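Here is the structure we will look at, set down as C-alpha cells.
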Amino acid sequence: IKQSADKAVAEGNDIPDTDALFKVLKTRCPGVFTTMVSESDINEIEKALPQFIKPLVGTMKVHQLSWCKTKPLSIDTRSFSGFQCKPDDRIHYHIKSHSYDEVVDNYDIGVNNWVAVRFEDEWFPGEIIEIIGEDIKVNFMICAGQQSVNHFKWPLKTDCQRIPIVSIISKISPPY
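Position 46, counted from 1, in the sequence shown is what the working numbering calls 192; the numbers after and before it change by one each time, with no gaps.
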C-alpha cells in the first residue's frame, strides 16, 4: 500500500489528505480492502474491549504485523516488511511477539489465587491477598538462586506489594 502511494507521488500525483489516498489506493490496489476508521469508531471499540488487554508497545518501530493461524492469539511485529517468510517460517527482521494468550481475565482473579506477575522483564509467583479496584495486593515469593531455573522461596521478611492487576501474566497452581 505504501509503495503504491509512494509511486503515485513520484509520478506527480498529489495526496494531500486521506480521501485522496483512498482514491489512489482504490485504483492502484483493487484487490486490497481499505476503509476509513473515524475517531468515534476507535472510541467505540476501546469501550467494547476488556480493560485487561495489553497495548502493543513500540508502534513507531513497527513496519509490518504478522499473524499465523497456528498461533491465533499472537501477533509478531517486524521492523522491515518481509514477504519471503511463509507463515510458519522463521521471522526475518523480527522485533518481538505480542501474545494475547498471556492475557488473564480479571473477573477470574480472586483472593487466595496464585498468580505469576511480570515485574521489570522478570516474573515472580505470589498469592493474592486483596483486590483493590484495578490493583491487587500480592504476597510474593523471591528467587532462590538463578531466576532462569525458576526456583523460589518465601523471604525472611514478608514481601507484600500493591501492583496493577494488568501485571498478572497468568494464574498458577499453588507451590505446595
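Glycine is no exception: its CB is placed at the ideal position from the N, C-alpha and C atoms. Note that the structure is a prediction, hence the values are computed from the model and not measured.
I want to see whether chain B comes within less than 8 Å of residue i, judged by CB atoms only; does it?
i    : result
V170 : The structure shown contains no chain B; it is built from a single protein chain.
Of the residues the options, which one's Cα is nearest the Cα of residue i?
i    : options                   : result
V261 : L171, K153 and I311       : I311
M182 : R174, F168, K172 and L195 : F168
Q307 : K283, P320, F298 and P321 : K283
K299 : I309, P320 and S313       : P320
D305 : G279, S313 and E273       : E273
E268 : E185, S186, I188 and S313 : S313
Which residues does DSSP pair with residue i in a beta bridge?
i    : result
V284 : I274 and Q307
V263 : F270 and I314
L211 : T223
Quick check: the Cα distance between residue i and residue j, rounded to an integer number of angstroms?
i    : j    : result
R264 : N159 : 49 Å
I315 : T180 : 35 Å
I237 : K153 : The predicted position of I237 is uncertain, since its pLDDT is 46 and thus under 50; a value taken from the coordinates is nonetheless stated next. About 27 Å.
Y239 : M206 : The pLDDT assigned to Y239 is 42, lower than 50, so where the model puts this residue is not dependable, and the model offers no usable value.
L202 : A290 : 32 Å
D281 : K193 : 20 Å
V170 : Q210 : 21 Å
V249 : M287 : Bear in mind that the predicted position of V249 carries a pLDDT of just 48, short of 50, making it unreliable; the figure below should be weighed with that in mind. Taking the straight line joining both Cα atoms gives about 22 Å.
H244 : I191 : Summary for H244: the model assigns pLDDT 48, below 50, so the residue's position carries little reliability, and this model does not support an answer.
P162 : D222 : 32 Å
G177 : I147 : 11 Å
T164 : A151 : 11 Å
A156 : Q149 : 10 Å
P301 : G256 : 23 Å
P331 : Y322 : Summary: the structure shown does not reach residue 331, with the chain confined to residues 147 through 322, and so no result is reported for it.
C175 : A166 : 14 Å
I188 : L195 : 11 Å
Residue j and residue i - do their beta-carbons sit closer together than 8 Å?
i    : j    : result
I277 : N285 : no
So, under 8 Å CB-CB, residue i and residue j are touching, yes? Tell me the CB distance rounded to an integer number of Å.
i    : j    : result
K317 : N259 : 6 Å
For a test of your reading of the model: does the CB of residue i fall under 7 Å from any non-hydrogen atom of the ligand HEM? Yes or no.
i    : result
Q149 : Among the components of this structure there are no ligands whatsoever, and the ligand HEM is therefore not found.
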